[in-house]
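Okay, so here's the structure we're looking at.
In this note's numbering, the protein residues as written are -8 to 902.
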């Protein structure tokens, strides 16, 4: 007799069973996840935060229960109705997940599960190997996709046959074991099978963890543990459901439980989950809780912009997808697009700069330049970074340490990102990868986005200075990355084919020596990349044997690479060009050794010290050796080299800053704040100074703040305590994010960054009075020339006009600069030969007067060309026009500027 009267009654029973199973899974999940989260969380926590975390875990467990209920109920009911269509009687049988009667001492469904497990393992392994083979041997994406699809179809067909064989074998084994093990039979009883399967998964994970350590970064161990807890709980729920179904139901009790759950969810979503410390503990201590928070975010992301409103995520316009915490904040439009509490103003583009010194005359040479990047080099694992004096006392980089003693070594250099894909392009352009570089993202999956030609790279800049340029790569990413721009000799033959076990340092050194030897008769720039410290790590017993653990092998890779760099330095010193050769050595990022819950051998997914702190060494012949503190970045290399080599880059803008002052004075920029970013797995941005570090998880709206003097290894998050430093670092980070605008268009970004030239922090060299514009809203404050660039007869130059905005105006003024020789007959009125600039708005229309705010100090730059016959002094006038004027008025006389003869120096300007 069938247990149900109709398919409808059977479906109702399926839903009830799904609810009970989901409840069992959620109940098992909550305590396990709470305990694991507290264990994994690296910082300290208060008692109240622990209580709040318990409430958040309970609430997210209810979310999990709801998800499991919907998925299970939908699946069970769908299967029920399909079976009813195929065989009407099957629509009224017991259904899935109902413990059936024993047949020869076993449950018949258990061997089928083991058969499915065998098929999944075999098919998964075969498809994985087949996919790798197809991707390595076929470059055409469509052909590769067809091959993988064909392998999938074959796997399905063979899997069906294998399933029957494996299930039959498991059933035979179960019956053979039934008399011996009874209820503990793992092949024939559900409970025993569940524990056996969990044990096998745990054993497999443990084996992979130790045998394949580089797989740790992609091995979701915590998620698997959470899933095992949920599945076991669901199994208990399925077993308990028949008993619970027979118990009388109390409507009042059910309503009370539902009301309590609703109240808990309401309080948690609106208050508890918005607590910074509580949410921070959840997302950093538990990948499962982080994913559930992501599901909640998606559920209340009404405008589908990727940001929610509950759990403290603060989408300030939940029904407008153009406004969210990751949006571009358009400047001075009165709208806070990125929900940071204010509208971004153009005035914030001005970047304050400290005192600087020029390149000393004795160092103004036709330098050769050798730039070496060593992949995955942590500063603290180097000899000069203190590793030789640490507990392990390992002298991993003795040759680099020798170079440091002859160089300027920057002790607090922060990589622009935590992975090669983002850091290398940033170093080569002095632009941030996710926030300023134009990318072509049509490259095949698994390869980095190609750098577009619109970007200006370091080799292109060196070409401006007359350099012969070369690149020597050692990784397959260099094959088609767009790095060839401006390169005369591009060689990635070492890294042409993918090879995780590549040993390349000796080959890179040989190629460098060969290349440099051939360039002795000309000025050259060469960038070479050493890949060896990047995993997988390879033992070098002929160099050093620190042990067989992964961290030991990493140290050995450093020793091996250091040996080859040392050999390179020895040979370079023997060449005639050595006295004129600059050597810069840095790294693209560091490496995790298991800190901060980041698996050993992993990088790219976090912005902690072990992943960002890298060396940066500048060897300049005859320059005093020194160690310099203060925050710096490898993106400073481009503007520093341009200044050292005397290359004009006034038409370009950089995120980095020239380090010439530090190189020749040793004076650190202790107040500087540098930045870093990563988008994997979620958007993170960091602001780092000598004393403080702030990490911002954009999607979760969570901050980490570390006092680097008291807590150099970033273990205690001070952001929940809201110290004064939090506001300062947040302001710096937000200003940077506003400025770079998460944009990847360098043309737009460069034009935007150019506007920082518009805001004047210094007074004008020559003051002007009595020139008021727009009914007194704007006053002309003075004129001048660019620092160190006076007017010279027969040469182009820039004249600067300084304005003071006293109040806002609705007049869109346009300006024309007029310059004419100062003579007795043309002292006030322009002479016929006067030079005139085009009529245009401020900053070539980028910042019109209708966007000026009260208090703005604006500087407008006019490029002029002084005829070679003009001598002595010139008058500077300004024509001001608005839409209300039908014709151009006469110019306002602003002042007088001296003009130097060709090859001479001008007289001092009049006050």
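From the three backbone atoms N, C-alpha and C, an ideal C-beta is built for every residue, glycine too.
For residue i, the three-state DSSP class (helix, strand or coil)
i	result
residue 98	coil
residue 175	helix
residue 397	coil
residue -2	helix
residue 269	helix
residue 585	coil
residue 799	coil
residue 360	strand
residue 378	helix
residue 959	What the structure shows of the chain is the stretch from -8 to 902, and residue 959 is not part of that stretch, so it cannot be assessed.
residue 365	strand
residue 559	helix
residue 600	helix
residue 848	strand
Separation of residue j from residue i, as counted between CA atoms
i	j	result
residue 12	residue 211	24 Å
residue 673	residue 261	23 Å
residue 316	residue 306	7 Å
residue 489	residue 466	7 Å
residue 119	residue 154	19 Å
residue 94	residue 75	25 Å
residue 884	residue 630	38 Å
residue 454	residue 783	27 Å
residue 681	residue 661	6 Å
residue 40	residue 697	19 Å
residue 548	residue 378	15 Å
residue 956	residue 807	Nothing can be reported for residue 956, as the shown portion of the chain is limited to -8 through 902.
residue 380	residue 107	55 Å
residue 44	residue 239	34 Å
residue 30	residue 285	22 Å
residue 852	residue 870	14 Å
residue 369	residue 158	51 Å
residue 112	residue 145	15 Å
residue 835	residue 481	38 Å
residue 430	residue 620	34 Å
residue 765	residue 800	7 Å
residue 749	residue 456	28 Å
residue 868	residue 882	5 Å
Cβ neighbour criterion (16 or more within 10 Å) applied to residue i
i	result
residue 724	buried
residue 281	buried
residue 533	exposed
residue 293	exposed
residue 561	exposed
residue 833	buried
residue 904	Shown here, the chain extends from -8 to 902; a query on residue 904 therefore has no answer.
residue 492	exposed
residue 124	exposed
residue 246	exposed
residue 739	Low confidence applies here, because residue 739 scores a pLDDT of 46, under 50, leaving its location unreliable; read the following figure in that light. Flag for residue 739 reads exposed.
residue 753	exposed
residue 401	buried
residue 78	exposed
residue 511	exposed
residue 254	exposed
residue 176	buried
Cut-off 6 Å between Cβ atoms - residues of its own chain near residue i, not counting five sequence neighbours on either side
i	result
residue 777	789
residue 251	none
residue 367	524, 525 and 582
residue 612	570
Residues near residue i by beta carbon distance below 8 Å, same chain, minus five either side
i	result
residue 20	52, 55, 217, 220, 221, 224 and 279
residue 414	406, 407, 408, 424, 579, 580 and 625
residue 858	784, 785, 824 and 826
Cut-off 7 Å between Cβ atoms - residues of its own chain near residue i, not counting five sequence neighbours on either side
i	result
residue 558	500
residue 66	none
residue 759	771, 772, 773, 774, 885 and 886
**OP:** Would you mind listing the beta strand (DSSP E) stretches within the stretch 439 to 509 that are 3+ residues and don't spill past its ends, in chain order?
**Re:** 459 to 463 and 480 to 482
Original post:
Enumerated in chain order, which unbroken segments of the beta strand (DSSP E) with a length of 3 residues or greater are wholly contained in the stretch 762 to 838?
Top reply: 769 to 776, 787 to 796 and 805 to 812
Original post:
In the stretch 666 to 725, which residue ranges form an unbroken beta strand (DSSP E) of at least 3 residues, counting only runs that do not cross its ends?
Top reply: 675 to 679, 683 to 688 and 693 to 698
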